[in-house]
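Enquirer: End of the sequence shown sits at 606 in UniProt numbering; the numbers just go up one at a time, nothing left out.
Just so you know, even glycine gets a beta-carbon here, dropped at the ideal spot from N, CA and C.
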Amino acid sequence: MLVMSVILLQSLGCFSAMHPLQCVLQAQRCLRWGPLTSVSWLLLRTCRAHSGVRSSAGPSPERRQEDGVWKDFSSRLATGPTFQHFLRSASVPQEKPSTPDVEDPPPYLTVDDLLGRQRKVYLETYGCQMNVNDTEIAWSILQKSGYLRTSNLQEADVVLLVTCSIREKAEQTIWNRLHQLKSLKSKRLRSRVPLRIGILGCMAERLKEEILNREKTVDILAGPDAYRDLPRLLAVAESGQQAANVLLSMDETYADVLPVQMSPSATSAFVSIMRGCDNMCSYCIVPFTRGRERSRPVASILEEVRKLSEQGLKEVTLLGQNVNSFRDTSEVQFNNAVSTNLSRGFSTNYKAKQGGLRFAYLLDQVSRIDPEMRIRFTSPHPKDFPDEVLQLIHERDNICKQIHLPAQSGSSRVLEAMRRGYSREAYVELIHHIRESIPGVSLSSDFIAGFCGETEEDHLQTVSLLQEVQYNMGFLFAYSMRQKTRAYHRLKDDIPEEVKLRRLEELITVFREEATKANKTFVGCTQLVLVEGLSKRSATDLYGRNDGNLKVIFPDVAMEDVTNPGLRVQAQPGDYVLVKITSASSQTLKGHVLCRTTLKDSAAYC
Ligand code: 5AD
Ligand code: SF4
């Protein structure tokens, strides 16, 4: 019931921003189908009414064809999907057969309309690793529908941008890109099929129709939970209509969609384990663009990791907005009321959740699949680090001793305004506890400079936290106010831009100094490095990553292979090698290679 009302509210929200024609179409459909319409919300607009980009000197053959399509389309729309159709969509189980190829079309489209007909898709990814993974999911869905992939923009028939909304700048990049694509679209030869442009992901979700109004060049919008609908949206776009699906789901995890690995020679892969976020930090747009937190069933994650291991991949990063809040409730027998263990001194903005298979269980199971496969995870929230998780990271050789612990600020006052659910003291205590539980652990963090009301004193508290913790890696940002967030409604974005940037610069300088000190402790140590490839700066060097995820550069020379004594080998991507560290900076370690080895046989040592 809750699911339905959330969905319904979203659909109603869309009404207010619609063109009258859309309202009529939408209202007709709602009247005919009732609230279940919203299970498969589709926004359609006619380009004729809005674009004005076509010439007025009589209809072109293409236009006449479009007119025909529109009439045909309208009449098909009038007959509309049946109630049963939407009942079917509503009850689609999470675990679908792995090769659905082409879904049943809605009544206003035919099976043929849903086929890609060898059209070439060019995908461009912006933002976080979740978007990298989403790009692979979107591509997997389109590939099954008969689309081809191209890495050459000029030969593309469909250009899809997988977008990010986390900061204003990220969105500005997309608007700029759309201007370039607009000119590409207008210069397209009439002998070719018209170029279709789509906005996928967070920006589609945040701005919805505003994108279609502002940039007529955009043909389709698909929110982060609507990628399964891409073949249908593109089919609608074929007839010259703009189409959108920005419905958020309570349970979509794309559990059955196996992402297509972009680079066949890659040594590592991301595996999405959960989506969305319930934390509602006051500055963050993610809960609004990616929706409620939901976890993928453990069995499907294990199956994907097993397949990656069989393909020879050596590293898997478990991915999600809040990986350590993982809670698979799909298996009823595990849904007993086991209470949640939060880190000491941490609280949540939501009502305590209970039951389900938790992150420690998943991590344990994943790490047992292949002892030669490194396991990482990102991004966690500091509140969800119970001792079971820390113990497991400590014990298991193939779980990397690397924890990302986003602090955001060093001031308890600012942390409260951010609604992070912890004080500086609780955070520092957690850092000590983690360092005691996992000796040698590598730590990284995110920080925001210039949040609403941040004083010079608050800023200095952040500087002092950076000095106190001495992170190995850091991601630092200037605050960017986002509409819809709690901060937007309740707080004032009162720090001038130049002050934000000055504070950011100061944080970066301190972070670098401290990271250099932290990384210099590796000098003289031997590190186990997973080789990734040739160094970008020098053809005679290789690079890889140590357990703490720091980049390690070393000369590409022959070495002994520990498992085959007497054999001299040259390191290849996917090999584990021992490297003796000779120098360190804030971002990289350098050294010389000792031997090729295996993860099981050798731990890094100092
Ligand atoms: N402005 C600046 N940085 C932000 N982040 C999230 N929202 C904002 C915002 N509005 C940062 C946080 C988060 C990281 C992914 O992005 O540090 O951890
Ligand atoms: Fe955003 Fe906070 Fe959720 Fe991270 S935990 S995605 S910062 S709301």
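List the endpoints of the continuous alpha helix (DSSP H) containing A407.
Expert: Sequence index remark: in the sequence shown, residue 407 carries index 407 (1-based). Careful: A407 lies outside any alpha helix (DSSP H) and carries neither H nor E.
Enquirer: Beta carbon of Q408: closer than 8 angstroms to some heavy atom of the ligand 5AD?
Expert: Here residue 408 refers to the residue found at position 408 when the sequence shown is read from its first residue. The ligand 5AD approaches Q408 closely enough that one of its heavy atoms is under 8 angstroms from the residue's Cβ.
Enquirer: Measuring straight from C-alpha to C-alpha, what distance separates K96 and D256?
Expert: Locating residue 96 in the sequence shown gives position 96, counting from the first residue. Locating residue 256 in the sequence shown gives position 256, counting from the first residue. Low per-residue confidence applies at K96: pLDDT is 40, beneath 50, and the placement is therefore not dependable enough to give any value.
Enquirer: Tell me the rounded alpha-carbon separation between A584 and Q118.
Expert: As a working note, residue 584 is residue 584 in the sequence shown. As a working note, residue 118 is residue 118 in the sequence shown. Here the alpha carbon of A584 sits roughly 49 angstroms from the alpha carbon of Q118.
Enquirer: The alpha helix (DSSP H) with F451 in it runs from where to where?
Expert: Numbered from its first residue, the sequence shown carries residue 451 at position 451. Element bounds for F451: n/a, residue is neither H nor E.
Enquirer: Under the criterion of a Cβ to heavy atom distance below 8 angstroms, does C284 qualify as lining the ligand 5AD?
Expert: Mapped onto the sequence shown, residue 284 falls at position 284. The ligand 5AD has a heavy atom closer than 8 angstroms to the beta-carbon of C284.
Enquirer: CA-CA distance, H459 and A449?
Expert: For the purposes of this step, residue 459 is taken as the residue at position 459 of the sequence shown. For the purposes of this step, residue 449 is taken as the residue at position 449 of the sequence shown. The straight-line gap from Cα to Cα measures roughly 7 angstroms.
Enquirer: Under a three-way DSSP split, which group does M274 fall into?
Expert: Stepping through the sequence shown from its first residue, residue 274 is reached at position 274. Strand at M274.
Enquirer: Run through the DSSP bridge pairs and tell me what D561 is partnered with.
Expert: Locating residue 561 in the sequence shown gives position 561, where the first residue counts as 1. Per DSSP, R596.
Enquirer: For M473, which residues does DSSP report across the bridge?
Expert: Position 473 of the sequence shown holds residue 473. According to DSSP, which records beta bridges pairwise, M473 is partnered with S444.
Enquirer: Should M280 be counted as a contact of the ligand SF4 given a C-beta to heavy atom distance under 8 angstroms?
Expert: Looking up residue 280 in the sequence shown gives position 280. It does: the Cβ of M280 is within 8 angstroms (strictly closer) of some heavy atom of the ligand SF4.
Enquirer: Using DSSP with H/G/I as helix, E/B as strand and the rest coil, what is F326?
Expert: Taking the sequence shown and counting its residues from 1, the one referred to as residue 326 is at position 326. Reduced to three states, the DSSP call for F326 is coil.
Enquirer: Measure from the alpha carbon of E331 to the alpha carbon of each residue in L357, L313, E310 and S309, then state which is nearest.
Expert: Your numbering for residue 331 matches position 331 in the sequence shown. Minimum Cα distance to E331 is reached at L357.
Enquirer: Spatial neighbours of N549 within its chain, please: CB distance less than 6 angstroms, with the 5 preceding and 5 following residues excluded, ordered by chain position.
Expert: Reading the sequence shown from its first residue, position 549 is the one you call residue 549. Here the set comprises Q402.
Enquirer: For the pair the segment 486-499 and the segment 559-574, tell me if three or more CB-CB distances fall below 8 angstroms.
Expert: Counting Cβ pairs under 8 angstroms, fewer than three are found: no touch.
Enquirer: Report the rounded CA-to-CA distance for N152 versus E124, giving the unit in angstroms.
Expert: Residue 152 sits at position 152 when you count from the first residue of the sequence shown. Residue 124 sits at position 124 when you count from the first residue of the sequence shown. The alpha-carbon atoms of N152 and E124 are separated by roughly 11 angstroms.
Enquirer: Can you check whether the CB of T526 is closer than 9 angstroms to the CB of I581?
Expert: Sequence index remark: in the sequence shown, residue 581 carries index 581 (1-based). Sequence index remark: in the sequence shown, residue 526 carries index 526 (1-based). Result yes, Cβ atoms of I581 and T526 sit closer than 9 angstroms.
Enquirer: Less than 8 angstroms separating the Cβ of P224 from some heavy atom of the ligand SF4?
Expert: Within the sequence shown, residue 224 is the residue found at index 224, counting from 1. False, no ligand heavy atom lies under 8 angstroms from that Cβ.
Enquirer: In terms of residues, what are the limits of the beta strand (DSSP E) holding V316?
Expert: Translated into the one-based positions of the sequence shown, residue 316 becomes position 316. E315 to L319 is the extent of the beta strand (DSSP E) around V316.
Enquirer: Buried or exposed, going by whether 16 or more other CB atoms sit within 10 Å of the CB of W175?
Expert: In the sequence shown, counting from the first residue as 1, residue 175 sits at position 175. Flag for W175 reads exposed.
Enquirer: Quick check on DSSP: helix, strand or coil for K520?
Expert: Against the sequence shown, residue 520 aligns to sequence position 520. Reduced to three states, the DSSP call for K520 is helix.
Enquirer: Taking the C-alpha atoms as reference points, what is the distance between L258 and V305?
Expert: For the purposes of this step, residue 258 is identified with residue 258 of the sequence shown, where counting begins at 1. For the purposes of this step, residue 305 is identified with residue 305 of the sequence shown, where counting begins at 1. So the alpha carbons of these two residues sit roughly 11 angstroms apart.
Enquirer: Let me confirm a value: S300 is counted as buried when at least 16 other C-beta atoms fall within 10 Å, else exposed. Which label applies?
Expert: To locate residue 300, count along the sequence shown from 1; it is residue 300. The residue in question, S300, is buried, as its Cβ has 16 or more Cβ neighbours within 10 Å.
Enquirer: Label V111 either buried or exposed according to how many other C-beta atoms from any shown protein chain fall within 10 Å of its C-beta, with 16 as the threshold for buried.
Expert: Here residue 111 refers to the residue found at position 111 when the sequence shown is read from its first residue. With fewer than 16 other Cβ atoms within 10 Å, it is exposed.
Enquirer: Quick check on N245: does DSSP put it in helix, strand or coil?
Expert: Residue mapping note: residue 245 aligns to position 245 of the sequence shown, counting from 1. Residue state, collapsed to three classes: strand.
Enquirer: Please name the residue, chosen from S535, Q483 and R196, that lies closest to E171 on a Cα-to-Cα basis.
Expert: Translated into positions along the sequence shown, residue 171 becomes position 171. The shortest Cα separation from E171 among S535, Q483 and R196 belongs to Q483.
Enquirer: Which residues mark the beginning and the end of the alpha helix (DSSP H) in which D387 is found?
Expert: The residue you call residue 387 lines up with position 387 of the sequence shown. Unbroken alpha helix (DSSP H) run through D387: D387 to E395.
Enquirer: By how many angstroms is the C-alpha of C202 removed from the C-alpha of G146?
Expert: Looking up residue 146 in the sequence shown gives position 146. Looking up residue 202 in the sequence shown gives position 202. Between G146 and C202, the C-alpha separation is close to 26 angstroms.
Enquirer: Can you look up R76 in the DSSP assignment and give me helix, strand or coil?
Expert: For this step, residue 76 is matched to residue 76 along the sequence shown. Bear in mind that a pLDDT of 49 at R76, under 50, signals an unreliable position, so the number given afterwards is only what the model happens to contain. Three-state result, R76: helix.
Enquirer: So for E293, helix, strand or coil by DSSP?
Expert: Counted from its first residue, the sequence shown places residue 293 at position 293. Correct three-state label for E293: coil.
Enquirer: Could you name each continuous alpha helix (DSSP H) segment of 4 residues or more that falls completely within the UniProt domain "MTTase N-terminal" (119-239), going from the start of the chain to the end?
Expert: 129-144, 168-186, 202-207, 209-214 and 230-238
Enquirer: Could you tell me which of K120, R292 and S272 sits nearest to L302, measuring between CA atoms?
Expert: Here residue 302 refers to the residue found at position 302 of the sequence shown. Closest by alpha carbon: S272.
Enquirer: Is the beta carbon of L534 sitting closer than 9 angstroms to the one on D575?
Expert: Counting from 1 along the sequence shown, the entry for residue 534 is found at position 534. Counting from 1 along the sequence shown, the entry for residue 575 is found at position 575. Going by C-beta atoms, L534 is not nearer than 9 angstroms to D575.
Enquirer: Do Q470 and K517 have their beta-carbon atoms positioned less than 9 angstroms apart in this structure?
Expert: On the sequence shown, position 517 is the one that residue 517 refers to. On the sequence shown, position 470 is the one that residue 470 refers to. Contact flag set, yes.
Enquirer: According to DSSP, is L578 part of a helix, a strand, or is it coil?
Expert: Position 578 of the sequence shown, counting from 1, holds the residue named residue 578. Residue state, collapsed to three classes: strand.
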